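If you're matching positions, the sequence shown starts at 69 in my numbering and goes up one per residue. Take a look at the structure below.
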Amino acid sequence: MPSKPTVSVIIVSYNVCDYLTHCLDSLQNLDTEIPFDIWVVDNNSSDSTVSILEKKYSFVNLIKNNKNSGFAAANNIGILQSKGNYVWLLNPDTIVANTALDPLVQFLDSNPEYGACGSKLLNPDGSLQPSTFPFPTVKNETIRLFHLEKVFPKQFYQMQTWDSSIPHNVDINQGASLMLRRETIDQIGLLDEQFFMYTEEVDLCYRLIQANWKNAWIPTSTVIHYGGQSTRQNKTAMFLQLYQTKIQFFRKHYGKEKTDTYKKIIYLASLFRILPLSFKNLLRSNPDNKNLVHNYNQLIHFLPEY
């Protein structure tokens, strides 16, 4: 790998060895002349991640954490250790197309007012994966939580209708494949480590836009994203973590009044979900429905603490 890379790829891993090795293989197959290096920050995985990387992927800069420090903190470690002019945050459960890198770099090179850009994410079956979103607001979250998207479609991006040959301005790019200008990171700061898992890229993109940088979705850079592989090991805990971090975001950026309103909406929406699911379970027991009811009951229980 080059001594002075243009791009530093940062991957945080936690017990996803099989996915990670496929991701690294795809990076090795990139069709590019752009110099890049790869950093894997492992959050104390208990699988064979470290041993396999040390044996078969010696070109990777491996950082071994002695605990699971969270997604944001681990990314920050990689960002601080790396030297690339651009930082490419990449999830381990991704496979990059061999042409995925150049469009991101070329766009940022040609558009200095943009601090970040993200790839078009695809599901494993090749279908489009929603990966860009407007910033969460009380209105947007109310619509989402009560499944009113079809009633208020203009509140959300209609990615399936976008021209896939040109970039599009967005609020949020999902962090599964997000390239940042190092100059931008130096200005707005690293990922906020108070967001242990989830919402860290929402906060980062929000701070980026607030600092008068722009953010773009680049559909000519395509990446397959399997999604949620590190977080499937404790679904209830991750479900609660998602809402806790969203509440953190509201508290950090919108203040107490809007945060309290948002928490009330979550409470009502949880009841809205629990009642019909419980009724369905009475008619016919379903493990998935039972799990959802359990999750929403747990959310109601812990909501006052968030």
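C-beta atoms are modelled at their ideal positions from N, C-alpha and C, and glycine is treated no differently. Fair warning: this is a prediction, and the values are worked out from it, not measured in the lab.
Segment contact: the region 303-312 against the region 360-367, three or more CB-CB distances shorter than 8 Å; contact assigned. Counting the other Cβ atoms within 10 Å of the Cβ of Ser245 gives 16 or more, which makes it buried. For Ile286, the closest of Lys132, Asp99, Lys124 and Ala184 by C-alpha to C-alpha distance is Ala184.
Inside the region 145-227, DSSP marks whole beta strand (DSSP E) runs of 3 or more residues at positions 154-158, 162-164 and 182-190, from first to last along the chain. Annotation note: the region 110-143 contains the following uninterrupted beta strand (DSSP E) runs of length 3 or greater, listed N- to C-terminal: 129-132. Annotated three-state conformation of Arg352 is coil, per DSSP.
In its chain, beyond the 5 residues on either side, Thr327 have a beta carbon closer than 7 Å to the beta carbon of Arg319.
Counting other Cβ atoms within 10 Å of its Cβ, Pro198 stays below 16 and is therefore classed as exposed. Bridge pairing for Thr290: Lys188 [DSSP].
Val77: member of the beta strand (DSSP E) spanning Val75 to Ser81, first to last residue. In the assembly as shown, Ile234 is an exposed residue. Its beta-carbon has fewer than 16 other beta-carbons within 10 Å. Between Asp239 and Pro180, the C-beta spacing is not below 8 Å. In the same chain as Trp230, and ignoring 5 residues on each side of it, the C-beta atoms closer than 6 Å to its own belong to His236, in chain order. By the Cβ neighbour-count rule, Asp93 is exposed, with fewer than 16 other Cβ atoms within 10 Å of its own. Closest by C-alpha distance to Gly194, out of Tyr294, Asn133, Glu122 and Leu343, is Tyr294.
When the Cα atoms are used, Pro160 and Asp271 turn out to be separated by approximately 21 Å.
The residues Val77, Ile79 and Ser245, in chain order, have a CB closer than 6 Å to that of Leu158 in the same chain once the five nearest residues on each side in sequence are set aside. For Asn365, the three-state secondary structure derived from DSSP is helix.
Comparing alpha carbon positions, the residue from Pro221, Val164, Gln242 and Ala168 closest to His90 is Val164. Taking the Cα of Ala279 as reference, the smallest distance to any Cα among Asn136, Val128, Ile120 and Tyr182 is reached at Tyr182.
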